[in-house]
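As structure tokens, the structure follows; a few thoughts come after it.
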Amino acid sequence: MSPRRLDAPYGQLIDRDSPVEFEFDGELIRGYRGDSVVSALLGEDRWLISRSFKYHRPRGPLSLAGHDANTLVQTPRAPNQLAEDLDAQDQEIVSGQNFLGSLRADRYALLDRLGRFLPVGFYYRAFFKPRGIWRYWEAFIRKTAGLGVANLRVKPRYSDKQYLFCDVAVVGAGPAGISAALTAAAGGAEVLLIDENPYTGGALTYHRFGLEDVTREHMLAQLRSSLAAAANIRVLSGATCNAWFSDHYLPVFQGERLLKVRANTCILATGSSEQPVVFRNNDVPGIVLCSALERLLLHHGVCPEGPAVVLAGNDDAYLTALTAIDAGLTLAAVVDMRPATDNPALAAALAERGVTCYFNATVYEAHEDASGLRLGSVDVYNIETAGQVGALTARIECQLLAMSAGLMPAYQLACHGGAKLEYVDEKAAFALTQLPEGMLLAGGVNSIHTLEAVCADGRNAGRQALRALSRPADDDEAVECALRVNHPWPIFKHPRGREFVDFDEDLQVKDIINSARLGYRDIQLVKRYSTVGMGPSQGRHSALTTARLIAQATDRTVSETGVTTARPPVKPEPLGLLAGRRFHPVRKTPLDSRHRALGAHMIPAGSWRRPAFYGKPSQRTACIAAEAQAVRTGVGIIDVSTLGGIDLRGPDAAEFLNRIYTYGFLKQPVGKTRYAVLTSEQGVVVDDGVAARLADEHFYVTATTTGVDRVYRDMLRWNAQWRLSVDIAQVTSAYSAVNVAGPRSRDVLESAGCDLDLSAEAFPYLACREACVGGIPVRIMRVGFVGELGYELHVPSLMAQSLWDRLLSAGAAFDIKPFGVETQRLLRLEKGHIIVGQDTDGMSHPGEVGLEWAISRKKPFFVGRRSVEILMAQPLKRQLVGFSLSVHAPQPKEGHLVIRSGDIVGNVTSCEVSATLNQIVGLAYVHPDDALPGCDITIRTDDAVCVQATVVALPFYDPQNERQAL
Amino acid sequence: MPLGLLKYGRGDDYPYERQPDLPGPTELKDHYDVVIIGGGGHGVATAYYLAKHHGITNVAVLEKAYLGGGNTARNTAVIRSNYLTPEGVRFYSASVKLFEGLANEFDFNIMYSQRGQLTLAHTDATVRAFRQRAEVNRHFGGRTELIDRKSIAELVPCLNLDPAELPVLAGLWHKDGATARHDAVAWGYARGATQRGVELHQLTEVTGINQAAGRVTGVTTNRGTVGCHTVIQAVAGHSAILARKAGFELPLVAYPLQAMVTLPVKPFLNPLVSSSALHCYVQQTGRGEIVIGGGSDPYPLYSSRASLPLKESLIASAVDMFPFLSEMRLLRQWAGITDMTTDYSPIMGVSPLENYYLDAGWGTWGFKATPICGQTMAQLVASGGQVPELIQPFALERFDRFQQVNEMGATAASH
Ligand SMILES: Cc1cc2nc3c(=O)[nH]c(=O)nc-3n(C[C@H](O)[C@H](O)[C@H](O)COP(=O)(O)OP(=O)(O)OC[C@H]3O[C@@H](n4cnc5c(N)ncnc54)[C@H](O)[C@@H]3O)c2cc1C
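Which chain is which? The protein sequence lines are W and U, in order. The first sequence runs 28 to 993 under the numbering used here. The second sequence runs 2 to 416 under the numbering used here.
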């Protein structure tokens, strides 16, 4: 199809029999299965892929490994995708991003012309005068910033998560990683070998390690077959280990799955990132790293248009040149920044092939071709001293430049674990030190670069891992690597700038230096002021140059200058995979289906769902009024299964409760309930419930729906200290409960077949009993939250439905009506009962909310006692009171403020229209001087309308408590 | 193109005649009138106002690492005043007011951006609390209101109003809510302070507080000892550790707090949006990145490591709120150490030592207070220990007096 594709053995990754096509920027692109979007584009000789962040310069690929931001593209679903990581076969439409007009003719490219008016950090220097103007500039700047466009309509795709465990996780399946994995597995360890590429072999798949290429192929075949034969190695290909977290917890992204790997030991064999040379216009499409050219040829079989130039800072670049020549690429020249090659045979080999080599020279400036979008020629200059050039030696026409200034260890994962980068001056390279326990390095990341040494280093790492696992291992081999891979100063500042240090952020040499000149000398401040390293590649190609430049500008060593902290993740990762499938647990009481059948309007209560009332939301007021009416005059029934339940058994059960809750429980008789208030150590009311003494050594305690988990946890924590002889069990789900309330409730229970004498004498208010209702075992408590004769029946959850059905059918004769929580809130308010969490807040102590009576002053201790006493000894700052006003007044809402001489003195916590009382009634915090019944208070309601309310003694309803004692 | 930028076109290099923003390193003097420990936003703001408002310039700010590198560098820059207590609302409102004029005062753009902050309520308990906050805010002149689902949908059309089985019931819309370039705030203050003669010493760690007869006489650092008349500690996450060196305890517990950011996209989200029930907030920076944050880690720790479980849960919540975020890419994740009080209010003012002042307990919410802290701490020092009224409620002794200023409900999910 495309004339530029080479035959095998080039193009290992593509399947020439499976052509694929997609649209890029409106044009049809053809490639093969196995191509990335970028290799397919390059196969059609299209090098313009994106526009840069700030100056909107045309950009093409740099690393071809998905390690830079030059190839960020947009798909219909998603912005900011690395085109080098996108499989061509999966795409339909791909486009460039961050331009105005078209990718080829971006009108924002004007910004490149204006560049000299936009110094580093220019946005700190302008746009705010006169005051107020920034708002308008901001809108414009925001629009030009940002890269792709989010598609606001996409729905999350299906993705899932899996846990994996292994003895040794080896990250990177190059020669070092495979060697390490083989050694560790041979010693009996379970090994996980993880590589981001869809193949194993790493650099062996494209980089020759000597003059002859056969060694590479031979070695690759051998390692792969050993890998296939090894029993306890699991290979994860196309799997990116994207971070290292404490205790070797590794998130690995593979396809649509997030694997969470917990390893015992972790071997990093992540290799190194090749570094660009910094010269004017080093970002023009057509300028790539040497390794990128090798990948393009060997992986994708794309032989780009020549002629090409290789810019060398080390011997490795010559090997690239040889690979290119072998593939048939026209090589115009090799420009070597050094005086000579380390290995003379390499220079000779090129001379033999008729390639001109310039030594002590550099490309000082690149020029675009006539289109302005692609490399046209390069200017070669003599290097005089580090970074300084002399005269122009040659201008070479070329369409492609491959460069290598050296290598930076792929340090990210190690640095997530706290490792440090130290600059080794003799090698002009950073090396990793201070690894966390259980982390080992092998190969390129360990600054070892010759093939033999890389494999040996891998085997050593495998042995060390075995020892760490207390398994036997051979002695380590001696590993040596004298290869110099880094040029000490591949940075050539140009008077007209545009020598890019950071491609992501469009930062030139002067930007870095000027940051230091402005006083941002610390490398972290340089980063923050200039934004170097903040882009998608997180400094992979800029950290080394930045450290060198700042060291020079601030008169420090490169080690002292250092690099900024590497933070997870290694590569940008999709949020959808991190989120995964969502689990939103919802708890339903056993009566849930009954409520829905009855037309309940369900609302959340913590993770539970409860009926608010029965009926349509549009008829809310009427429904609640009818339900309230039924309870007040006949009988109602409410599902209170969500109430927390805690079972306490043991000789110290009473003592335990006595220490936890504010009231006294030691002398509580069997068969009686007591109100139980819990205060925090700060003296604040945090929960309440009812404690029923079922036997001498057995209590059943309720807690609030949303509070029970905390109460239970606190109980366990306290008893871990007190070590009382009591078993504490949370039985919230084991029991369900209903409350039958209203003057006819006794009749309902009787006719439902309750085997208890329910008379007031035999079963008085606040008593509790164990009994049976129609054969169903229940714990019955006579409580009065809503202020009527009432029975709370707690039943094993399995029997809740039978009990409900039985009560409803027995109640039919008495017109029993189910009621919901909102009705219950109204009823309890009429009765003046507080709801902890609604009528109390994070500061409410018992004295403020009228719970003094529930505090036992006689006992020596309860949780929070010291604080409660101090608080209650202080003059009250506010007090919770009941208030009422006419039904015709504007109804205050919960949260409205109580105002006194212009100041805030409190707030409304509950407020309802009471049909029973024909009044608006509520609870509010008021100034203590206004707390006596009869006082007037001012409440500021909606739209700042103030209303006068009168403080009323609680309860509003049935002050003599006659009804619940029936 | 603003005219102010034209001068940069004169030469290819930066115009050198300008003073640098921050002076280079110098030797420590033997004695200063005031030593400020901690070169975060609070430390340099205090120095700035000491110099600017009170003419006190013999001041050294000692920073163990680099300027603004602590929580000032890590925070997500939510600026708001929609707190719950009158004390809190008055204090933070004063800070918001100062923020509004800061760029012009500094002649340095802090990119203050008043976008409004929207907090979502998913339960009626939260609706009640929000109504109260709106009322208290309005009482003090703030622009805050309770809005319904329809208004929320108009404000943020891309928001999912029914996330995670937790339908949004209402929202607290705080028009004064804002954000700013956090680093620039520290730099602007440091620049203004050093231009007035204050010394900023980076890589200078205070290792001891020297005392005689109940008074502080100076501090010991990794670069030697300096004497001083007054000391202020403003070290956020390390407050309890430093106080212990000074010989007293602070009721603080340190928890890691994490945040994360995506690759930048074109603007689509204007307000800062947070959800009380999902413990998550989402906002878009001027660069176009989406910042995602939430509550602190659930256990105390003095480490600023990031973790996977928190990342998973925070992002799951963010995707619940904005489902399309699932196709966006996460760029970076980080953490800071926050010094939490039990009532979610700071500790400011005097300490058990006579000439040693406290600015601590800033937890997850202190960035927004940077200007007002600087101003009130400077007043405190300049007046020789008269505590300004605005910060009296935040005194350390409130914990003994049981007079806490409870902002828990107004702070937990949205800093
Ligand atoms: C992830 C995250 C998100 C946040 N989001 C928000 C937000 O949205 N809104 C908000 O208002 N707040 C937020 N905060 C809180 C806010 O960042 C802090 O409260 C605020 O920055 C505190 O400022 P500071 O100047 O007191 O502290 P820092 O900026 O931490 O400065 C303290 C300095 O003291 C130095 N130091 C410590 N010990 C010593 C010593 N012994 N000697 C010398 N120097 C020392 C440290 O190195 C540090 O630079 C967030 C915090 C985090 C971690």
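All C-beta atoms in this analysis are idealised placements derived from N, C-alpha and C, irrespective of residue type, glycine included.
Identify the contact partners of residue i in chain U, using a Cβ-Cβ distance below 7 Å as the criterion.
i: residue 931(W); result: 87, 137 and 140
i: residue 151(W); result: 109, 110 and 185
i: residue 8(W); result: Residue 8(W) is absent from the structure shown; chain W starts at 28 and stops at 993.
i: residue 272(W); result: 308 and 309
i: residue 281(W); result: Going along chain U, no residue has its Cβ under 7 Å from residue 281(W), so there is no contact; the nearest lies around 16 Å.
i: residue 551(W); result: 67 and 70
i: residue 611(W); result: 165 and 166
Any heavy atom of ligand 1 closer than 7 Å to the CB of residue i?
i: residue 38(U); result: yes
i: residue 551(W); result: no
i: residue 78(U); result: yes
i: residue 101(U); result: no
i: residue 1011(W); result: This structure does not reach residue 1011(W), given that chain W is present from 28 up to 993, and the question cannot be answered.
i: residue 259(U); result: yes
i: residue 115(W); result: no
i: residue 207(U); result: yes
i: residue 658(W); result: no
i: residue 407(U); result: no
i: residue 47(U); result: no
i: residue 363(U); result: yes
i: residue 211(U); result: no
Excluding sequence positions up to five away, which residues of its chain have a Cβ less than 7 Å from the Cβ of residue i?
i: residue 28(W); result: Model confidence at residue 28(W) stands at a pLDDT of 42, short of 50, so the residue's coordinates are unreliable; what they give is reported in the following sentence. So the list reads 46 and 57, once near-sequence residues are dropped.
i: residue 613(W); result: 634 and 636
i: residue 320(W); result: 347, 351 and 429
i: residue 5(U); result: none
i: residue 326(U); result: 291, 319 and 320
i: residue 260(W); result: 208, 212, 218, 220 and 254
i: residue 286(U); result: 292
i: residue 340(U); result: 237, 238, 240, 241, 253, 255, 361, 362, 363 and 364
So residue i contacts chain U; which residues on that side make the cut at Cβ distance below 9 Å?
i: residue 860(W); result: What residue 860(W) touches in chain U: nothing, since even the nearest Cβ is about 17 Å away.
Could you tell me which chain W residues have their CB closer than 8 Å to the CB of residue i, listed as they occur along the chain?
i: residue 403(U); result: 709, 710, 894, 897, 898 and 901
i: residue 193(U); result: The premise fails here: residue 193(U) is roughly 13 Å from chain W at the closest Cβ pair, so nothing lies under 8 Å.
i: residue 407(U); result: 868, 869 and 870
Quick one: list the residues of chain U neighbouring residue i, beta-carbon separation under 8 Å, in chain order.
i: residue 924(W); result: 133, 136, 137 and 140
i: residue 97(W); result: Within chain U, no residue comes near residue 97(W); the closest Cβ sits about 14 Å away, beyond 8 Å.
i: residue 865(W); result: 126 and 129
Report all residues from its chain with a CB closer than 8 Å to the CB of residue i; omit the five preceding and five following residues, and keep chain order.
i: residue 30(W); result: Model confidence at residue 30(W) stands at a pLDDT of 48, short of 50, so the residue's coordinates are unreliable; what they give is reported in the following sentence. Answer for residue 30(W): no residue qualifies.
i: residue 383(U); result: 51, 54, 55 and 57
For residue i, which residues in the same chain have their Cβ closer than 6 Å to its Cβ, ignoring the five residues on either side in sequence?
i: residue 981(W); result: 859 and 909
i: residue 837(W); result: 775, 778 and 779
i: residue 849(W); result: 639, 640 and 651
i: residue 768(W); result: 658, 663, 813, 815 and 817
Quick one: list the residues of chain W neighbouring residue i, beta-carbon separation under 9 Å, in chain order.
i: residue 287(U); result: 150, 165, 168, 169 and 172
For this session: Enumerate, from N- to C-terminal direction, the unbroken alpha helix (DSSP H) stretches of 4 or more residues contained entirely within the segment 21-56 of chain U.
Result: Segments of the alpha helix (DSSP H) lying fully in the segment 21-56 of chain U: 42-55.
Problem set entry | Unbroken stretches of the alpha helix (DSSP H), 4 residues or longer, contained in the segment 204-252 of chain W | Whole alpha helix (DSSP H) segments, 4+ residues: zero.
Problem set entry | Ranges of the alpha helix (DSSP H) found wholly within the segment 111-191 of chain U, counting only runs of at least 4 | 125-140 and 150-156
Exercise. What runs of the beta strand (DSSP E), each 3 residues or longer, lie entirely inside the segment 774-805 of chain W?
Worked result: Whole beta strand (DSSP E) segments, 3+ residues: 795-800.
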